[in-house]
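Below is one structure, written out as structure tokens, with a few remarks after it.
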Amino acid sequence: MAHPILPLALVAAAAVLAPAPATGPTYAPQRPRLASGVAQQAYFARRLIQTGQRIDQRQRAGLIASGPATFMRQDLARVRDGVGRTFARGVALTPGERDSYDLMLRRVERRIAAAERRSRSVGE
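Quick note, the sequence shown lines up with residues -24 to -1, 1 to 100 if you use mature numbering (1 follows the signal peptide of the UniProt record, and there is no 0).
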């Protein structure tokens, strides 16, 4: 089954690999914003994929129970959907939006780390 972030990652890759449109008066002012949005897409696609894989691996290893893993995946889906809506409009995230989505991802990563610590302390 394809990872849910795959479409976002493909869009980011296609935007990077696509030839730049001809420069002209209507395109020139949008160029910095587009480049920033592409970089943001790649950044969030990478983070979402890596975090999702960590959840999957830790759950398979028995370090994260099904319930908490489901909640973590729901948080990832909220980030994916939020950044996806912004990028679908063809704009980059504002600094506040980026910080908010980063914070959500850090919280999920902290919950993964806490589950790993609990598992290690129980096993000792």
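Yeah, the Cβ is synthetic: ideal placement off N, Cα and C, and Gly gets one too.
Values in this document were obtained by computation on a predicted structure and should not be read as measured data.
What is the rounded straight-line gap between the Cα of Arg23 and the Cα of Arg56? Rounded to whole angstroms, the separation of the alpha carbons of Arg56 and Arg23 is 10 Å.
Quick one, are the C-beta atoms of Arg74 and Gln33 less than 9 Å apart? It is not a contact, given that the beta carbons lie outside the stated cut-off.
Could you give the C-beta distance for Met48 and Arg87, rounded to a whole number, given that I count them as a contact under 8 Å? Between Met48 and Arg87 the beta-carbon gap is near 6 Å, inside 8 Å, which marks them as a contact.
Collapsed DSSP secondary structure at Arg65 in the structure displayed: DSSP, read as helix, strand or coil, puts Arg65 in coil.
Residue of Ala68, Asp51, Arg61 minimising C-alpha distance to Thr27: Of Ala68, Asp51, Arg61, the residue nearest in Cα terms is Asp51.
CA-to-CA distance, Ala37 to Pro58, given in whole angstroms: The residue asked about is misnamed: residue 58 is Gly in this sequence, not Pro. If you draw a straight line from the Cα of Gly58 to the Cα of Ala37, it comes to about 30 Å.
Taking Cβ to Cβ, would you say Thr62 is nearer than 9 Å to Ala68? Contact: yes.
What's the gap between the Cα of Pro44 and the Cα of Val14? For Pro44 and Val14, the distance between alpha carbons rounds to 32 Å.
Cβ neighbours of Leu39 in the same chain (closer than 6 Å, five flanking residues each side left out): Residues Ala91, Glu92, Ser95 of the same chain have their beta carbon placed closer than 6 Å to that of Leu39, with the five preceding and five following residues left out of the count.
Assigned exposure category for Ala21 - 16 Cβ within 10 Å defines buried: The residue in question, Ala21, is buried, as its Cβ has 16 or more Cβ neighbours within 10 Å.
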